[in-house]
Structures are given as C-alpha cells and as structure tokens.
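To start, the structure itself, in structure tokens.
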Amino acid sequence: MPPFQTVGLIAKQGEPGQVHGTLLRLSAHLHARALEVLLDAESAHLLDAVVGTAITLDELGARCDLVVVVGGDGTLLHAARAMAPHGVPLLGINLGRLGFLVDVSPDDIETAIDQVLAGEFTSDHRSMLRASVVAETGTERSDAALNDVAIHKWNTARMIEFETYIDGVFVNAQRSDGLIVATPTGSTAYALSGGGPLVDPALDAILLVSICPHDLSNRPLVIPGDRRIEVRVRAQDQGHVQVTCDGQNACQLPPHAWLRIERHPDRACLLHPKGHDHYQILRAKLHWGRHSSGRASSC
C-alpha cells in the first residue's frame with residue numbers, strides 16, 4: 001500500500017491569485033493519483049472546495065497522513081505548529097522568498113509529489129520550543145515555536161532590562177531590545193539577522209541571541225537542547241514587553257510574570273525529495289561563493 005492515502009493542503013493566505021493556480025495543479029494531480037484531498041477551512045475558499053473537504057486544522061491533522069504546504073516559510077511554520085501534535089509530515093511548495101523550509105519549486109510539483117508518493121524522500125525531524133508565561137499562581141499561557149521565541153520591547157523606544165537563567169542558574173543581566181531563543185531550524189531566521197550562528201538542524205541545541213545589546217561583549221550563546229531557560233524582566237520595564245513565537249503568535253508579558261522556554265515534547269517532521277542537501281540550500285539562499293571561480297575537487 002502507498003505510504004500516503006489522505007493528503008491535506010494548507011495554503012498561504014493574502015495572495016489568492018498567486019496561490020490559486022498552484023493549488024489547482026496540486027489538487028488535480030493528487031486526485032489523479034486516487035488520493036483523498038482535504039483542505040483547511042482558510043485554504044478551502046481559494047478553490048471553492050466541495051462541502052466536506054474543508055475542515056479545521058486539528059481535524060486535518062487527525063485525518064491526514066501527509067500535508068502539503070503551499071506558500072513560504074511562514075506558512076510552513078503555521079502548519080508545523082498545528083500538525084506536530086499529530087505527527088503528520090509536511091512537504092513544502094515554495095511560493096515565498098527565501099524558502100529555507102519549503103524547498104520544492106512550483107515548476108517541480110508533479111515530479112516531487114510522485115517521488116514522495118513512491119516513497120522516494122528523506123524525512124527530517126526538527127526540534128521545537130515551548131514558551132510559557134508563568135506567574136506565582138501558575139502557567140498563564142503556553143505556545144509552541146519551530147523557529148524561535150522572542151521576548152522584546154513593544155511600546156517604548158528605549159531598551160529593556162532583564163535577567164536570564166538556565167536550569168535555575170543565573171547567566172546574565174542585560175540591557176537590550178530583547179532576546180531571541182531559537183532552535184537550530186530558527187538559526188537561519190531572526191537569530192541570523194541578530195548575529196547568531198548557523199546551526200545544523202540535526203543538532204540538539206538552543207540558541208540565545210540578544211537583540212541590539214548595550215554591552216558590546218554580549219555574544220550569542222549555544223546550549224544543550226534539554227536546558228530550561230527563564231527570562232525575568234526588571235520591574236521598571238514590566239508592561240513594555242511582548243513575547244512572540246515564530247513571528248506569528250504574540251502576547252504581552254503581564255506584570256510580575258516571567259517567561260520560561262524549554263524543548264517542546266512534539267517535533268515537526270519535514271519531507272524532502274531525494275537529493276535534498278541542506279548545505280546546497282544555504283549556498284543558494286545566502287549566496288555563498290557567488291564570486292568564486294570554481295570548486296576544488298571533491299574529497
């Protein structure tokens with residue numbers, strides 16, 4: 001029996017003209033392979049979907065054994081957080097800009113889909129983070145992140161002051177615009193723009209990258225992935241701080257509360273057509289060696 005029988009589609013919102021044609025091709029190709037195709041409610045209107053094929057994200061995760069994401073990295077981040085509790089793998093069609101996570105070109109949709117349906121793919125399990133807003137009375141809110149959790153100022157033009165602890169041990173106090181706590185997957189995102197290192201997604205690690213720190217000796221920190229991080233904002237800055245997960249889900253940090261970040265129990269599963277090369281993607285997206293005259297002989 002083929003590895004996948006029911007395929008869900010999750011599409012980028014806000015650009016229906018760009019997405020519509022790709023969804024039509026993808027849906028037609030999957031139906032031609034005698035597969036059941038389901039869409040989340042937000043994507044269904046782009047295809048005027050038949051009643052019954054448009055369902056909630058949670059139901060999509062429960063019923064599908066593969067989800068194809070049509071959009072950019074942001075769309076995949078949204079889908080990954082929803083599908084991770086169900087263990088459903090994701091395949092990304094790149095209609096965005098950089099596309100570190102969605103690596104199938106629209107020109108290669110049919111070929112890539114057929115390879116995956118034939119079992120010719122590699123799977124890639126990515127660690128995630130859980131960010132919890134905690135008060136003396138207990139946990140007030142928890143959110144998941146595949147890329148990063150950022151604690152940052154939001155309604156003031158001045159820096160904020162906070163302390164960072166790892167497994168209950170004091171690390172430092174700093175004045176900055178905030179802190180990015182990232183997974184290896186997120187090392188190519190916000191953390192990279194903050195001067196953080198690129199980390200292979202296979203590593204079990206967490207990155208801490210300050211946002212515009214006042215202390216010039218403040219440098220990014222890479223720690224084991226099983227550590228628990230706590231960020232406590234100084235009293236005078238409480239009320240000026242926001243917590244954002246993957247640049248999409250945000251909440252204000254209430255007074256007298258603090259932020260706890262740790263490894264999420266779920267992991268995101270990404271599928272890639274055979275021949276996927278993480279370093280080739282880095283070379284292409286970051287323009288490494290653009291001015292090189294050629295390559296040395298391979299090892």
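So the sequence shown is numbered by full-length UniProt numbering: it starts at 1 and just counts up by one. From the three backbone atoms N, C-alpha and C, an ideal C-beta is built for every residue, glycine too.
Let's see if you can read the secondary structure: which residues bound the beta strand (DSSP E) around residue i?
i, result
"L221", "221–224"
"V116", "Note, V116: premise wrong, no beta strand (DSSP E); alpha helix (DSSP H) at 109–117."
"R175", "169–176"
"A202", "Unbroken run through A202: none, as it is neither H nor E."
I need the boundaries of the alpha helix (DSSP H) containing residue i, first residue and last residue.
i, result
"Q248", "From DSSP, Q248 is part of no alpha helix (DSSP H); its letter is neither H nor E."
"G61", "57–63"
"L192", "190–193"
"H272", "Not the alpha helix (DSSP H): H272 falls in the beta strand (DSSP E), residues 258–273."
"L77", "73–83"
By Cβ distance, which residues of its chain are closer than 6 Å to residue i, with the 5 residues on each side in sequence left out?
i, result
"D143", "A131, C245, N249"
"H276", "T122"
So what's residue i in DSSP terms, helix, strand or just coil?
i, result
"V19", "helix"
"residue 301", "Nothing can be reported for residue 301: it is not among the residues displayed for the chain, which extend from 1 to 299."
"R141", "strand"
"Q280", "helix"
"S123", "strand"
"S187", "helix"
"D237", "helix"
"S217", "coil"
"H152", "strand"
"K285", "helix"
"R25", "helix"
"L30", "helix"
"L146", "coil"
With DSSP as the reference, identify every bridge partner of residue i, one or two as the case may be.
i, result
"A135", "G138"
"R232", "E163"
"D40", "I55"
"A157", "For A157, which the question treats as bridged, DSSP gives no partner whatsoever."
"S210", "L179"
"N94", "G71"
"L66", "V7"
"Q242", "H152, Q252"
"V104", "I93"
To which residues of the same chain is residue i closer than 7 Å at the C-beta, ignoring the five residues directly before and after it?
i, result
"D167", "R227, R228"
"E42", "Q13"
"residue 360", "With the chain running from 1 to 299 in the structure shown, residue 360 is simply not present."
Write down the C-beta distance between residue i and residue j rounded to the nearest angstrom, noting that I regard them as a contact closer than 8 Å.
i, j, result
"V70", "L95", "6 Å"
"V19", "L46", "6 Å"
"L91", "V104", "7 Å"
"R267", "A28", "Not really, about 32 Å apart at Cβ, beyond 8 Å."
"H264", "M128", "4 Å"
"K285", "T122", "That belief does not hold up - the Cβ atoms of K285 and T122 are roughly 19 Å apart, past 8 Å."
Between which residues of its own chain and residue i is the CB-CB distance below 8 Å, once the five residues before and five after are set aside?
i, result
"residue 332", "No information on residue 332 is available, as it lies outside the stretch 1 to 299 that the chain covers here."
"I55", "L38, L39, D40, A41, R63"
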